[in-house]
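Taking it in order: structure first as structure tokens, then the write-up.
Numbering (the working numbering), first residue to last: 4 to 121.
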């Protein structure tokens with residue numbers, strides 16, 4: 004990845020299109036789960052979304068592998084796709100906007116308390 008690709012995000016676009024081509028080869032129920040995964044994982048994105056690419060690649064790889072083995076999507080992900088995404092992003096170090104806001108609020112409160120106590 005060169006500087007220009009990093010600035011323009013063309014590398015992300017290329018990678019995203021590759022994910023979508025891979026997802027097209029999945030059975031219909033797996034494609035529907037892929038769409039849900041994308042929707043539930045996006046809140047864990049940083050500003051550019053680069054932090055999600057390895058997470059999405061791993062999730063799609065899991066779907067591809069289990070589809071090839073003939074497992075049902077419910078055997079793989081269960082009924083809680085949102086929880087699966089939260090666990091996946093959490094294990095990979097993804098933080099949601101809520102986590103960032105909570106940290107910012109805690110810093111602001113600590114700073115204000117520091118001024119009052121000092």
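Just so you know, even glycine gets a beta-carbon here, dropped at the ideal spot from N, CA and C.
For residue i, count neighbouring Cβ atoms within 10 angstroms of its own Cβ and tell me buried if that reaches 16, exposed if not.
i          : result
residue 7  : exposed
residue 29 : buried
residue 26 : buried
Have a look at residue i and residue j and give me their C-alpha separation to the nearest angstrom.
i           : j           : result
residue 40  : residue 59  : 8 Å
residue 115 : residue 50  : 28 Å
residue 35  : residue 15  : 22 Å
residue 67  : residue 13  : 25 Å
residue 62  : residue 118 : 46 Å
residue 20  : residue 56  : 12 Å
residue 32  : residue 10  : 36 Å
residue 183 : residue 88  : Nothing can be reported for residue 183, as the shown portion of the chain is limited to 4 through 121.
residue 18  : residue 73  : 26 Å
residue 107 : residue 85  : 25 Å
residue 64  : residue 42  : 17 Å
State the CB to CB distance for the pair residue i and residue j, rounded to an integer number of angstroms; the pair is presumed to be in contact (CB under 8 Å).
i          : j          : result
residue 44 : residue 92 : 6 Å
Quick one: what's got a C-beta closer than 6 Å to residue i's C-beta in the same chain, skipping five residues either side?
i           : result
residue 111 : none
residue 69  : 79
residue 76  : 32, 33 and 36
Residues in its own chain within less than 8 Å of residue i by CB, not counting five upstream and five downstream?
i          : result
residue 71 : none
residue 22 : 59, 60 and 63
Among residues of its own chain, excluding the 5 on either side of residue i, which ones have a beta-carbon nearer than 7 Å to its beta-carbon?
i          : result
residue 52 : 15
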